[in-house]
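Note sheet for the following structure.
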Amino acid sequence: MHASTRRTYLSGLILAAALLVVGFLLPAWLLFTVTKAIGYGLVALGIITLMRGGLVSFGQGLVYCIGAYAAGLLATRIGVTEAPLLLLVGMVASGLVGLLVGPLIARYRGIFFAMLTVALSMVLYGILVKMNAIGGSDGFTLPEPTFFGWQPDVGTSDLALYVTAVIVACAAATACRLYYDSMAGMMALAVRENELRVEYLGSSVFNVTVRNFAIAAALGGLGGSLNAMALGHIDPLFSFWTTSGEFVFISVLAGHLSVGAVFVSALILELVRSFSNRYFPETWQMIIGIFLIATIIFLPGGVGSLFQRVLKRGPAAGRGESAENEGRAAP
Amino acid sequence: MSGTPLKQALKGLMAGAALAAFGVGAAGQASAEETFKIGVVTFLSGQAAESFGVPAWDGGRLLIEKLNAGEVPAPYDTVGFGGMKIEAIPIDEAGGATKQVQEFRNLVQREQVDAVVGYVSSGDCLAVAPVADELKALTILYDCGTPRIFEDGQYEYAFRTAAHATMDNVSIARYLQARGVEIDSIAGLNQDYAWGHDSWRDFTASMGQLYPDADVVAELFPAFGAGQYGTEISALMRERADVVHSSNWGGDLQSFILQSMPRGLFQRSQVVFSAGDHVIPALGNNFPEGVILGARGAYGLMSPDTPLNNWWFETYQERYGVIPVQAPYRMAQALLGLKSAIEKAMAANGGARPTTDEIRMAMKGHEWEAPGGLIQMKLGNGHQAIQPTAIGTTAKDSDGNITVVDIERFAAECVNPPAGQNSVDWINAGFPGAQCE
């Protein structure tokens with residue numbers, strides 16, 4: 345095993361272990377907030393995957409919603425409440441949709457790609473709003489999830505979901521890091537820099553884009569099914585453009601330099617929203633807006649660039665991932 | 019500059035953590051003896067704010083102030099909730115059910131509120147009710163329309179202190195019959211989401227029972243927030259239906275009214291608005307005459323002549339300069355219900371501060387007098403209210419101001435399904451067990 349691969353595995357494991365320990369110390373509301381932030385962070389991780397290839401999807405609500413509805417329908421219609429299974433089904437369902445949709449839109453770039461993704465997510469929203477058999481615009485309620493046959497009681501269900509979320513998040517982040525550092529993952533950076541040259545060198549831009557889109561979709565589905573279980577209720581707003589907008593915001597806040605940053609950004613956004621809601625009930629949207637503008641002005645490279653700065657000052661400076669980082673702090 | 023945003027973010031996080039620690043530590047101590055903390059969740063921004071959320075919070079804020087001062091007429095003349103001062107935390111309902119579940123949890127787990135009163139949107143009510151049971155948190159759903167909450171589910175800690183939307187449309191159909199309106203054809207324009215579809219379903223089903231020969235000639239479902247109804251109005255004008263039904267609300271209803279008036283729709287058909295009273299303050303004397311109007315209860319211009327209601331109407335009008343419409347009435351009805359249940363629980367346990375479970379048991383099947391009439395928790399195993407309602411027709415008074423005349427009052431049992439009955443089935447079975455005077 346390559347040294348950097350081993351280091352990625354190791355940091356994923358250490359982080360997961362640390363977060364699990366922290367989970368036992370957090371108050372209940374924060375457990376839930378972190379779980380929800382991880383759900384959002386997973387979707388944003390998908391957008392980061394696309395961003396590395398120079399694309400931004402403004403319609404990740406599509407796959408987020410499909411993951412949630414796949415898990416929700418399986419739980420309510422067939423009675424499967426097993427959390428790992430629901431996560432898997434959500435991820436696979438959205439991944440398949442990604443594989444179907446990806447080839448159709450993979451040749452578009454920039455605003456056209458973004459608008460097509462919004463259009464598709466709003467089509468799903470429109471369909472779900474009209475489907476009164478599954479709750480229409482009001483959505484429907486999910487049963488409490490079980491974990492390998494174990495039904496946690498009231499006090500421990502938040503913790504059980506948190507543990508699940510942390511494991512999923514660390515696994516997804518580790519897998520993404522490995523993919524980004526692999527030859528296939530590096531191609532995305534090349535695509536962003538110069539598509540023509542990639543084609544001349546014998547690689548397929550189309551394949552890279554479709555692969556990234558499918559991965560992003562699978563991550564979106566994973567986040568959707570996780571949040572469906574955490575919230576206990578799903579509705580078509582999961583696919584609404586404002587939801588997709590939040591995912592993009594989280595990605596912008598995180599930047600594409602670090603896979604851990606998306607989860608930190610998602611949590612920051614949740615906390616800013618929650619506390620501004622509590623203390624400024626009539627102007628909370630403005631607080632979030634100011635926060636977003638401030639982020640863009642003062643931290644154009646995202647939260648991830650802060651990690652990088654800290655790393656560069658530390659003893660590990662110049663090692664490992666630096667090949668990717670040179671001159672990329674401000675895209 | 020480089021370190022500043024991170025430092026700020028960390029500071030914010032630490033403040034949050036400190037606050038959380040403080041919140042957990044302070045729970046159940048001496049200060050809690052004197053106050054009863056409620057979270058009030060309603061729309062403070064977005065489309066439903068002007069129509070429902072802001073008037074409801076205005077009403078709630080006013081009533082809480084008067085209750086804390088002990089200035090509400092009997093039987094609500096004790097201070098606060100059974101002597102405990104009421105402390106309210108307002109939260110904006112805008113942002114979808116996902117955000118509401120999160121903020122509900124934050125209210126209960128972080129702010130340690132004793133009860134949550136709120137929710138206009140049916141989707142939010144459906145999402146929050148199971149969480150209320152999970153966290154064992156007393157929750158009063160004060161407004162939302164859908165009958166699904168207690169017909170599809172069963173909850174122990176969630177209560178709805180207002181009748182669901184079935185009443186609104188059954189009473190409209192009964193009003194048409196009571197006033198002897200001749201009807202051969204009906205048409206509808208409703209918003210294309212659950213509320214609009216449910217309202218239209220209840221109305222056509224009720225008309226099917228009371229006017230079996232009337233035909234449905236147009237069913238229009240423009241998108242929620244459409245704002246432009248030119249095509250739909252043309253279709254309605256062409257069909258010349260005897261009755262045009264709409265459950266539209268807020269900006270959608272205002273646009274529909276303003277765009278229909280110059281086209282003469284109100285002259286060509288008898289228009290009924292099942293929940294339209296709340297746009298009267300906004301439209302004022304631009305509101306058309308001769309429209310049959312519901313208010314989702316005996317509220318506002320159709321409220322009964324009781325000392326409690328007269329006090330409420332005048333106090334609200336004096337403070338805000340507009341008449342109270344459905345939303346403040348529904349908020350008042352929820353707060354007074356909570357107050358009387360708490361005081362009932364206190365009377366039962368010898369005057370001590372009641373536990374959540376004691377209040378919950380007192381609330382179950384409870385009855386209390388509200389400005390809009392007697393509220394009875396008779397459905398959904400004692401968790402869903404029924405209430406009397408009133409329907410009227412708009413007219414101009416001698417000064418040219420819009421008012422409501424020809425008011426018909428309907429008893430709660432006349433327009434609400436009996437316990438254990440699904441509302442749609444009840445209507446389709448011909449209203450079995452309905453008691454109308």
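So the protein lines, in turn, are chains A and B.
Sequence positions in the first sequence follow our numbering and run 345 to 675.
Sequence positions in the second sequence follow our numbering and run 19 to 455.
Yeah, the Cβ is synthetic: ideal placement off N, Cα and C, and Gly gets one too.
A quick note: this is a predicted structure, and the numbers were derived from the prediction, not measured.
Between Phe376 of chain A and chain B, the shortest Cβ-Cβ separation is below 8 Å.
Contacts between Ala372 of chain A and chain B, judged by CB atoms closer than 7 Å, involve Gln127 in chain order. Straight-line spacing of the CA atoms in Leu460 of chain A and Ile449 of chain A works out to 7 Å.
By the criterion of a C-beta distance shorter than 7 Å, Glu52 of chain B is surrounded in its chain by Met102, Lys103, once the five residues flanking it on both sides are discounted.
Here Trp386 of chain B is bridged, per DSSP, to B:Ile393.
Pairing Leu238 of chain B with Gly206 of chain B gives a Cβ-Cβ distance under 8 Å. Contact check between the segment 540–556 of chain A and the segment 436–452 of chain A: three or more CB pairs, one atom from each, fall below 8 Å, which counts as touching. Look at the segment 346–402 of chain A and you find these whole runs of alpha helix (DSSP H), each 4 residues long or longer: 347–367, 372–396. Within the segment 469–493 of chain A, Val473, Lys474, Asn476, Gly479, Gly480, Ser481, Asp482, Gly483, Phe484, Thr485, Glu488 place their CB atoms closer than 8 Å to a CB of chain B, listed in sequence order. By the criterion of a C-beta distance shorter than 6 Å, Val603 of chain A is surrounded in its chain by Ala517, Cys520, Arg521, once the five residues flanking it on both sides are discounted.
At least 8 Å separates the CB of Asp497 of chain A from every CB of chain B. At the C-beta level, Ala180 of chain B and Gly318 of chain B stay beyond 8 Å of one another. For chain A, the residues of the segment 83–115 of chain B that bring a beta carbon within less than 9 Å of one of its beta carbons are Ile107, Pro108, Ile109, Asp110, Ala112, Gly113, Gly114, Ala115, in chain order.
Per DSSP, Ala241 of chain B lies in no beta strand (DSSP E) and is assigned neither H nor E.
The CB of Gln629 of chain A comes closer than 9 Å to the CB of Ser63, Asp110, Ala112, Gly113 in chain B, given here in chain order. Counting only runs of 4 or more residues that sit fully inside the segment 262–324 of chain B, the alpha helix (DSSP H) segments are 268–278, 283–286, 298–301, in chain order.
Chain-ordered, the chain B residues with CB closer than 9 Å to the CB of Asp579 of chain A read Gly114, Ala115, Thr116, Gly141, Leu144, Ala145. Its chain contains Cys514, Ala517, Thr518 as the residues whose beta carbon lies nearer than 7 Å to that of Gly356 of chain A, once the 5 sequence neighbours on both sides are disregarded; these appear in chain order. Collapsing the DSSP output to three states places Pro435 of chain B in coil. When the beta-carbon positions are compared, His401 of chain B and Arg166 of chain B stay at least 8 Å from each other. Residues of the segment 345–367 of chain A with a Cβ closer than 8 Å to any Cβ of chain B: none.
In this chain, the alpha helix (DSSP H) harbouring Pro447 of chain A covers 427–449. For the pair of segments examined, the segment 376–388 of chain A was found not to touch the segment 439–446 of chain A: the number of CB pairs separated by less than 8 Å stays below three.
As DSSP reads the structure, Ala403 of chain B sits in a beta bridge with B:Met395. In the pairwise beta carbon analysis, the segment 361–370 of chain A is classified as touching the segment 502–510 of chain A: at least three pairs are separated by under 8 Å. Closest by C-alpha distance to Ala429 of chain B, out of B:Ile445, B:Asn446, B:Ile409, B:Gln272, is B:Ile409.
Note that the C-beta distance between Phe284 of chain B and Pro306 of chain B is below 8 Å. Within a 10 Å sphere around the beta-carbon of Thr373 of chain B sit fewer than 16 other beta-carbons, which makes this residue exposed.
Secondary structure at Thr96 of chain B: coil, using DSSP grouped into helix, strand and coil. In terms of beta-carbon proximity, Asn327 of chain B stays away from the interface with chain A, with every pair separated by 8 Å or more. For Ala558 of chain A, the closest alpha carbon among the candidates A:Leu359, A:Val407, A:Ala347, A:Ala361 is that of A:Val407. Among the CB atoms of chain A, one or more fall inside 8 Å of the CB of Asn124 of chain B. Counting only residues of its own chain and dropping the five nearest sequence neighbours on each side, Val309 of chain B has a CB closer than 8 Å to the CB of Phe284, Val289, Val290, Phe291, Gly294, Thr411, Thr412.
The beta-carbon separation of Glu614 of chain A and Leu62 of chain B, rounded to 20 Å, does not stay under the 8 Å limit for a contact.
When secondary structure is reduced to three states using DSSP, Met185 of chain B falls in the helix class. The DSSP-derived three-state label of Val507 of chain A is helix.
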